[in-house]
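In my numbering, the protein residues as written are 46 to 191. Each residue gets a CB set at the ideal place from its N, CA and C atoms; glycine is no exception. Some notes on the structure that comes next.
Take a look at the structure:
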């Protein structure tokens, strides 16, 4: 256990977050997502719901200010702008943990290739359908807290 770091994040998850560089993407996926097939590197957080894992990561990960939407998520039926309760929860968590960063819903045809190119996929035990998020890492500027 570490002070100030969520116990939801495993040593493997923390290693990936620390090793990521500017512009690298990490995908958080639900329990139904074919994570093993799509991951270049897979970290399993089975049994954990997506939103608390998302919040734990957003507490540590600087997001990219150089892109319009450093937070991407799927939509109900992979068809934006359709949404369900989990999408409201994701959007609310992101607004609270990463104010000023837009969350963009994207279709599955655009989402799946990005997951395959992500530096890591974190597989959660989330049971809600289409509960998948991609985060793009930014930088911590010189002199900034962090």
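For residue i, the nearest candidate out of the options (CA to CA)
{"i": "residue 181", "options": "87, 96 and 102", "result": "102"}
{"i": "residue 185", "options": "52, 133, 163 and 65", "result": "65"}
{"i": "residue 84", "options": "158, 183 and 174", "result": "158"}
{"i": "residue 79", "options": "187, 190, 176 and 48", "result": "176"}
CB contact flag (residue i, residue j, <8 Å)
{"i": "residue 96", "j": "residue 138", "result": "yes"}
{"i": "residue 170", "j": "residue 93", "result": "yes"}
{"i": "residue 88", "j": "residue 57", "result": "yes"}
{"i": "residue 165", "j": "residue 74", "result": "no"}
{"i": "residue 72", "j": "residue 148", "result": "no"}
Extent of the continuous alpha helix (DSSP H) to which residue i belongs
{"i": "residue 112", "result": "No alpha helix (DSSP H) holds residue 112; DSSP gives it neither H nor E."}
Where the beta strand (DSSP E) through residue i begins and ends
{"i": "residue 165", "result": "165-169"}
{"i": "residue 260", "result": "Because the chain is modelled from 46 through 191, residue 260 falls outside the range shown and cannot be assessed."}
{"i": "residue 90", "result": "87-90"}
{"i": "residue 180", "result": "178-181"}
Integer Cβ distance of residue i from residue j, believed to fall under 8 Å
{"i": "residue 168", "j": "residue 90", "result": "7 Å"}
{"i": "residue 178", "j": "residue 99", "result": "6 Å"}
{"i": "residue 51", "j": "residue 114", "result": "Residue 51 to residue 114, Cβ: 24 Å. No contact."}
{"i": "residue 153", "j": "residue 123", "result": "3 Å"}
Min CB distance residue i to chain D below 8 Å
{"i": "residue 177", "result": "In the displayed structure, chain D is absent; only one protein chain is listed."}
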